[in-house]
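K.L.:
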Amino acid sequence: MGRARLARLHAIATSYDPAPGRTVHVPEDTLVAVLAALGVDASTPEAVRAALDAHEASAGRALLPPTVTARAGHPPRLPDLPEGTVLGVRTEDGALLGAEVRDGGAHPGPLGALPLGAHELTADAPDGRTARARLLVAPDAVPAPPGRSHGFLVQLYSLLSRQSWGMGDLGDLADLAAWSGRALGTGFLQLNPLHAAVPGAPTDPSPYRPSSRRFPDPVHLRIADIPEYARLTGEDRARADALAARAGELRDGVLERGELIDRDAVWALKREALELLCAVPLSPGRRAAYCDFLAGQGRALDDHATWCALAEAHGPDWRAWPAALRDPRSPETARARHRLLDRVDVHCRLAWYTDQQLAAAQRAAREAGMAVGLVHDLAVGVHPSGADTWAQQDAYASGMSIGAPPDAFNPHGQDWGLPPWRPDALAAAGYAPYRELLRGLLRHAGALRIDHVMGLFRLWWIPEGRPPTEGAYVRYDGEAMLAALALEAHRAGAAVIGEDLGTVEPGVREALADRGVLGTSVLWFERDYGGGAGADGDAPEGDGPAGGEARILAPGEWRAGCLATVTTHDLPPTAARLTGEDVTLRARLGLLAGPPDREHRRAAYELREWIGELTRHGLLPEGAGDEEAVIRAVHRFLLRTPARMIGVWLPDAVGDRRPQNVPGTWREYPNWRLPIAGPDGRPRTLEELAASPRLHALMREFSGAATGPAACPDAGRATPDARGPERSATLNG
Numbered sequence: 003m004g005r006a007r008l009a010r011l012h013a014i015a016t017s018y019d020p021a022p023g024r025t026v027h028v029p030e031d032t033l034v035a036v037l038a039a040l041g042v043d044a045s046t047p048e049a050v051r052a053a054l055d056a057h058e059a060s061a062g063r064a065l066l067p068p069t070v071t072a073r074a075g076h077p078p079r080l081p082d083l084p085e086g087t088v089l090g091v092r093t094e095d096g097a098l099l100g101a102e103v104r105d106g107g108a109h110p111g112p113l114g115a116l117p118l119g120a121h122e123l124t125a126d127a128p129d130g131r132t133a134r135a136r137l138l139v140a141p142d143a144v145p146a147p148p149g150r151s152h153g154f155l156v157q158l159y160s161l162l163s164r165q166s167w168g169m170g171d172l173g174d175l176a177d178l179a180a181w182s183g184r185a186l187g188t189g190f191l192q193l194n195p196l197h198a199a200v201p202g203a204p205t206d207p208s209p210y211r212p213s214s215r216r217f218p219d220p221v222h223l224r225i226a227d228i229p230e231y232a233r234l235t236g237e238d239r240a241r242a243d244a245l246a247a248r249a250g251e252l253r254d255g256v257l258e259r260g261e262l263i264d265r266d267a268v269w270a271l272k273r274e275a276l277e278l279l280c281a282v283p284l285s286p287g288r289r290a291a292y293c294d295f296l297a298g299q300g301r302a303l304d305d306h307a308t309w310c311a312l313a314e315a316h317g318p319d320w321r322a323w324p325a326a327l328r329d330p331r332s333p334e335t336a337r338a339r340h341r342l343l344d345r346v347d348v349h350c351r352l353a354w355y356t357d358q359q360l361a362a363a364q365r366a367a368r369e370a371g372m373a374v375g376l377v378h379d380l381a382v383g384v385h386p387s388g389a390d391t392w393a394q395q396d397a398y399a400s401g402m403s404i405g406a407p408p409d410a411f412n413p414h415g416q417d418w419g420l421p422p423w424r425p426d427a428l429a430a431a432g433y434a435p436y437r438e439l440l441r442g443l444l445r446h447a448g449a450l451r452i453d454h455v456m457g458l459f460r461l462w463w464i465p466e467g468r469p470p471t472e473g474a475y476v477r478y479d480g481e482a483m484l485a486a487l488a489l490e491a492h493r494a495g496a497a498v499i500g501e502d503l504g505t506v507e508p509g510v511r512e513a514l515a516d517r518g519v520l521g522t523s524v525l526w527f528e529r530d531y532g533g534g535a536g537a538d539g540d541a542p543e544g545d546g547p548a549g550g551e552a553r554i555l556a557p558g559e560w561r562a563g564c565l566a567t568v569t570t571h572d573l574p575p576t577a578a579r580l581t582g583e584d585v586t587l588r589a590r591l592g593l594l595a596g597p598p599d600r601e602h603r604r605a606a607y608e609l610r611e612w613i614g615e616l617t618r619h620g621l622l623p624e625g626a627g628d629e630e631a632v633i634r635a636v637h638r639f640l641l642r643t644p645a646r647m648i649g650v651w652l653p654d655a656v657g658d659r660r661p662q663n664v665p666g667t668w669r670e671y672p673n674w675r676l677p678i679a680g681p682d683g684r685p686r687t688l689e690e691l692a693a694s695p696r697l698h699a700l701m702r703e704f705s706g707a708a709t710g711p712a713a714c715p716d717a718g719r720a721t722p723d724a725r726g727p728e729r730s731a732t733l734n735g
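Residue 307 in the working numbering sits at position 305 of the sequence shown; the count goes up by one each step and never skips.
Quick look at the structure:
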C-alpha cells in the first residue's frame with residue numbers, strides 16, 4: 003500500500019483498463035523502476051517510508067508549486083496561502099506587480115488579470131518561508147486556422163524533382179507550395195518531421211526517432227539555393243559541380259532504376275558540398291544576419307552544434323563518450339568545444355542555412371495564397387543517444403522508454419525506444435524545454451501537428467529490459483502543457499492539430515477541443531461503435547470491418563474541429579486499399595491477424611460497404627466502382643463534412659500503391675525510403691505531379707469547395723467527438 007501511495011503521489015498510475023470492465027495492476031517491480039527514474043528510492047519498505055516522509059515534509063514547506071498557470075483575463079489559481087503572504091510578479095517585459103493575501107485559505111488569487119507570457123511569481127510568507135515559481139499566462143485557445151482549407155500531406159524526402167540530390171529537399175517544398183497554392187488553391191502542406199537525425203551507418207531513416215526535435219536536419223537543404231554557392235570559384239566550384247553530377251546519378255537511380263532513397267549517400271554528397279560553402283566568407287549583410295540568428299538561438303543551438311562536433315570525434319552515442327564529455331556543462335566539455343570551435347561553427351551555419359530555406363518555403367506558400375502554409379510535425383520523442391538527451395539530461399527519464407500497453411490490436415504492447423520527459427523536471431523548469439521546442443518549430447509554420455497528442459497528458463513508461471506489458475502510465479500536467487502550447491502558438495499565430503488516433507482516455511479530446519486544438523479524423527475509422535450493422539447488412543461471420551460491426555458516420559456527424567483525411571503515412575494508400583494490395587502486402591510481411599483469405603474477404607466487405615455509402619450520398623454513380631472514381635468520391639465525402647481542414651495524401655493523387663511506412667516492420671519493408679510513384683510503381687517527379695491529369699481531376703473536386711468561415715459550422719472552436727475505440731496507438735517508426 004505504501005509503495006502504491008508513493009507512486010500515485012508522483013503521478014504514476016498503479017493500474018490501467020485495457021478494455022471496459024477489465025483492470026490490470028502494474029507490477030511492483032515496475033513501480034520501483036519508474037520511481038527510481040524520478041529520483042525516488044522505493045526498493046525497500048524502509049525506503050518507501052522515508053520517501054513518503056520526505057514528500058510530506060516537502061509539501062508542507064512549499065508555498066507554491068514550481069509552475070502556476072492562468073488563462074488570459076483571469077487571475078492565477080493559487081494554493082492556500084497564509085494571511086499576510088506577499089506576492090510579486092516580474093513579467094517578461096520587466097514590469098513588477100504585487101499583492102498581499104488578506105484572507106488565508108483557497109482563493110483564485112489576489113493578483114487579478116495578468117498579461118500573456120511566462121512570468122516569475124514570488125511568495126513571501128509571514129513565517130519566513132519564500133517561494134519562486136514560473137507563471138504561465140496563456141490565451142484560452144490556440145489560433146484557429148483561417149476559414150476552411152484543403153491541402154496536401156507529403157513526406158518531403160519522397161518528393162523528388164529534377165533538381166533534387168536523390169531525395170526531396172526544401173527547394174522542392176517551396177516549389178510545391180508555390181505551384182499548388184496558385185494552381186490548385188491549396189491552403190496548407192503538412193510535412194513529416196524535419197527533425198535532425200542521429201548520424202550513423204546507416205542512419206535510421208525514420209523521421210520519428212530524431213537526435214533533436216529542436217533543430218531541423220540539413221540533409222533537407224537545396225545546395226544550389228544557398229547564396230554562398232554562387233560565390234564558389236575555381237577548384238571549389240569544380241568540386242561542387244562534380245558533387246552535383248554525382249547527386250544527379252543518385253536521383254536518376256531512384257527515378258529511373260527503381261532504387262531506394264539512400265539518405266546516407268545523399269548526405270555524404272551534401273556534407274562535402276556544405277563544407278565548401280561554409281569556407282566561403284560571408285558578406286557583411288549575411289554576416290549580420292548570421293550573428294542575429296546565433297543570438298536568437300542562444301545556448302540551445304550552441305549545445306546542439308557542440309554535440310554534432312563531439313559526435314564527429316567520438317561517435318553518435320554520447321553515452322559511450324569519455325565520461326567527462328557526457329556532461330554538457332563539464333570543464334572538459336567546454337575545453338573540447340573550444341578545440342572544436344571551427345566544427346561547432348560549421349554546424350551552427352548548417353542550422354542557419356536550413357532555417358533560411360524553411361523561411362523561404364513558408365514565404366513561398368503564403369505568397370501563393372495559402373492561408374496556413376507549412377504544417378510541421380512534432381515527433382513524440384527523441385533518440386536516447388542524440389543531441390537533445392545529451393543537452394537536457396535532467397529533463398529526460400534515464401532507463402525508461404515510452405510505448406503503448408497491450409490491447410486488442412497489439413496484445414504484446416509496443417516499445418518505441420524513446421526516453422520520456424520527466425514531468426517533475428518540466429514543471430521545475432517552468433516548461434522551458436517544451437516552450438523552446440515549440441518556439442523553434444513554429445518559427446516558419448502556419449500550423450503544427452503533434453504526433454500522439456495524448457502524450458501531453460500521460461505516457462506509457464517501460465523500464466529498460468522489460469517487455470511493454472510491464473509498463474505504467476505516468477501523468478503529465480495537461481493544463482500546464484496546454485498552457486505552454488497555447489502561449490507559443492498564439493505568439494506564432496499558428497494553429498495546432500493533435501494526432502488523437504488510437505486509445506484516448508476520457509476527457510482528453512474535450513480538453514484539447516477546449517483549447518482549440520484540432521483533432522485528426524481518418525475516413526476509414528469514423529464509425530459509430532455503439533452497434534448496428536454496416537451499410538451492406540450483416541457481414542459473414544468474421545468478415546466484417548476490422549473494428550467490429552459499426553455504422554459508418556454520415557458526413558454531418560463528423561466533428562468540425564479536425565483535420566480530415568482519407569489515409570495517412572502509417573496506413574495503406576487508398577488505391578492499395580481498393581485493390582486489396584494492402585492485404586497482400588501485410589500477408590507477405592506476416593502482419594495479418596487471421597488467414598489471408600479471411601482478411602481479403604473482410605477488406606472486400608468493407609469496400610462494398612463504403613461504395614454503398616458513397617452511392618447513397620450521391621457521391622458515386624450507381625455501378626461506378628473504378629479506382630479513380632472511388633478515390634474522387636471519398637474525397638467528395640470529406641468535403642461534405644464540417645472539418646476545418648481537409649488533407650489529401652499526395653501519393654493518393656497519382657494512384658500510388660506503396661505505403662511510406664508499415665508499422666511493425668523494420669528491415670522487412672523499405673520504410674521512409676520510397677519516392678512518390680504512380681499505379682505502375684514508376685516514381686513521379688514534382689514536375690510530373692504538376693502535369694498529372696489524374697491529380698488535376700482529383701483536385702478539381704476541391705475547386706468549388708467553400709473555403710471561408712461560413713463553410714464550417716463551428717469555425718470558432720474545435721469540438722470533441724464521441725467516437726468509440728479505434729486502432730491502438732502506433733508510433734510512426
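Backbone N, C-alpha and C define an ideal beta-carbon position, used for all residues, glycine too.
Which residue marks the beginning of the beta strand (DSSP E) containing HIS60, and which one marks its end?
P.N.:
Sequence inspection shows Ser at residue 60; the His mentioned does not correspond to that position. Segment 47–63 is the alpha helix (DSSP H) holding SER60; no beta strand (DSSP E) there.
K.L.:
Hey, is the stretch 456–472 in contact with the stretch 402–409, meaning 3+ C-beta pairs nearer than 8 Å?
P.N.:
Result yes; three or more Cβ-Cβ pairs closer than 8 Å.
K.L.:
Taking ASP238 and LEU278 to be in contact with their CB atoms under 8 Å, please state how far apart those CB atoms are, rounded to whole angstroms.
P.N.:
5 Å
K.L.:
Roughly how far, in whole angstroms, is the beta-carbon of ARG646 from the beta-carbon of ALA562, given that I think they are within contact range, below 8 Å?
P.N.:
6 Å
K.L.:
Is it buried or exposed for PRO204, if we count other Cβ within 10 angstroms and need 16 for buried?
P.N.:
exposed
K.L.:
Under a Cβ-count criterion, where at least 16 other Cβ atoms within 10 Å of its own Cβ denotes burial, should ALA712 be classed as buried or exposed?
P.N.:
Confidence in ALA712 is poor, its pLDDT being 34 and thus under 50, which makes the residue's placement too unreliable to answer from.
K.L.:
Per DSSP, which one or two residues make a beta bridge with ILE404?
P.N.:
Partner(s): LEU420 and TRP463.
K.L.:
Between which two residues does the beta strand (DSSP E) containing ALA72 stretch?
P.N.:
69–73
K.L.:
Is it buried or exposed for ARG10, if we count other Cβ within 10 angstroms and need 16 for buried?
P.N.:
exposed
K.L.:
My output table needs one value for ASP142: the three-state DSSP class, helix, strand or coil.
P.N.:
coil
K.L.:
Quick check on ALA497: buried or exposed, where buried means 16 or more other Cβ atoms within 10 Å of its Cβ?
P.N.:
Residue burial annotation: ALA497 is buried, with at least 16 other C-beta atoms found within 10 angstroms of its C-beta.
K.L.:
Please specify which runs of the beta strand (DSSP E), each continuous and at least 3 residues long, are wholly inside the stretch 152–213, giving them in chain order.
P.N.:
For the stretch 152–213, whole beta strand (DSSP E) runs of length 3 or above, ordered along the chain, are 190–193.
K.L.:
Output yes or no for whether 8 Å exceeds the beta carbon distance between ILE452 and LEU380.
P.N.:
A Cβ-Cβ contact shorter than 8 Å links ILE452 with LEU380.
K.L.:
Are the Cβ atoms of LEU257 and PRO598 separated by less than 8 Å?
P.N.:
Cβ atoms of LEU257 and PRO598: not closer than 8 Å.
K.L.:
What residue range does the beta strand (DSSP E) around VAL384 cover?
P.N.:
Per DSSP, VAL384 is not a residue of any beta strand (DSSP E), being assigned neither H nor E.
K.L.:
For GLY710 and ARG150, I'd like the C-alpha separation in whole angstroms.
P.N.:
With a pLDDT of only 37 at GLY710, under the threshold of 50, the placement of this residue in the model should not be trusted, and no figure is reported.
K.L.:
Quick check on ALA13: does DSSP put it in helix, strand or coil?
P.N.:
coil
K.L.:
Is there contact between the stretch 264–279 and the stretch 312–320, where contact requires at least three CB pairs shorter than 8 Å?
P.N.:
no
K.L.:
Does ILE14 pass the burial test, meaning 16 or more other C-beta atoms within 10 Å, or should it be called exposed?
P.N.:
The residue is buried, with at least 16 neighbouring Cβ atoms inside 10 Å.
K.L.:
If you drop the 5 nearest sequence neighbours on each side, which residues of the same chain put their C-beta closer than 7 Å to that of ALA366?
P.N.:
Shown here for ALA366: same chain residues with a beta carbon closer than 7 Å to its own, the five before and five after excluded, namely ALA176, ALA179 and ALA180 in chain order.
K.L.:
Compute the Euclidean distance between the alpha carbons of HIS378 and ASP219, then round it to the nearest angstrom.
P.N.:
13 Å
K.L.:
Short of 8 Å in beta carbon distance, which residues of its chain neighbour SER400, apart from the five on each side in sequence? Order them along the chain.
P.N.:
ALA39 and PRO421
K.L.:
Going by the beta-carbon positions, is the gap between PRO67 and GLY4 smaller than 8 Å?
P.N.:
No, they are not a contact pair.
K.L.:
Within 8 Å, do at least three Cβ pairs link the stretch 445–460 to the stretch 19–36?
P.N.:
no
K.L.:
Report buried or exposed for GLY86, applying the criterion of at least 16 other Cβ atoms within 10 angstroms of its Cβ.
P.N.:
Counting of Cβ neighbours within 10 angstroms places GLY86 among the exposed residues, the total staying below 16.
K.L.:
Label HIS340 either buried or exposed according to how many other C-beta atoms from any shown protein chain fall within 10 Å of its C-beta, with 16 as the threshold for buried.
P.N.:
exposed
K.L.:
Suppose only complete runs of 4+ residues qualify. What are the alpha helix (DSSP H) ranges in the stretch 467–543, listed by chain order?
P.N.:
480–494 and 510–516
K.L.:
State the Cα-Cα distance for the pair PRO209 and ASP171, rounded to the nearest angstrom.
P.N.:
Per the coordinates, the alpha-carbon of PRO209 lies some 14 Å from the alpha-carbon of ASP171.
K.L.:
Tell me which residues share the same chain as GLU501 and place their Cβ nearer than 8 Å to its Cβ, disregarding the 5 neighbours each side in the sequence.
P.N.:
Within the same chain, Cβ atoms closer than 8 Å to the Cβ of GLU501 are found at ARG451, ILE452, ASP453, HIS454, VAL455 and THR522, the five residues on either side in sequence being excluded.
K.L.:
Kindly indicate which residue of SER45, ALA61, ARG493 and ALA140 has the alpha-carbon position closest to the one of HIS76.
P.N.:
Closest in C-alpha terms to HIS76, from the list SER45, ALA61, ARG493 and ALA140, comes ALA140.
K.L.:
By Cβ distance below 6 Å, which residues in the same chain neighbour CYS310 in space, the five residues on each side in sequence not counted?
P.N.:
HIS349
K.L.:
Cutting at 7 Å between CB atoms, please list the residues of its own chain near ASP426, excluding the five before and the five after it.
P.N.:
LEU40
K.L.:
Alpha carbon to alpha carbon, what distance is there between TYR478 and LEU428?
P.N.:
9 Å
K.L.:
Using CA atoms only, rank isn't needed, just tell me which of CYS564, GLY495 and ILE678 is closest to LEU503.
P.N.:
CYS564
K.L.:
Can you list, in chain order, the residues of its chain with a C-beta nearer than 6 Å to that of ALA393? Leave out the 5 residues immediately preceding and following it.
P.N.:
ASP305 and PRO330
K.L.:
So the beta strand (DSSP E) GLY90 belongs to, where does it begin and stop?
P.N.:
88–92
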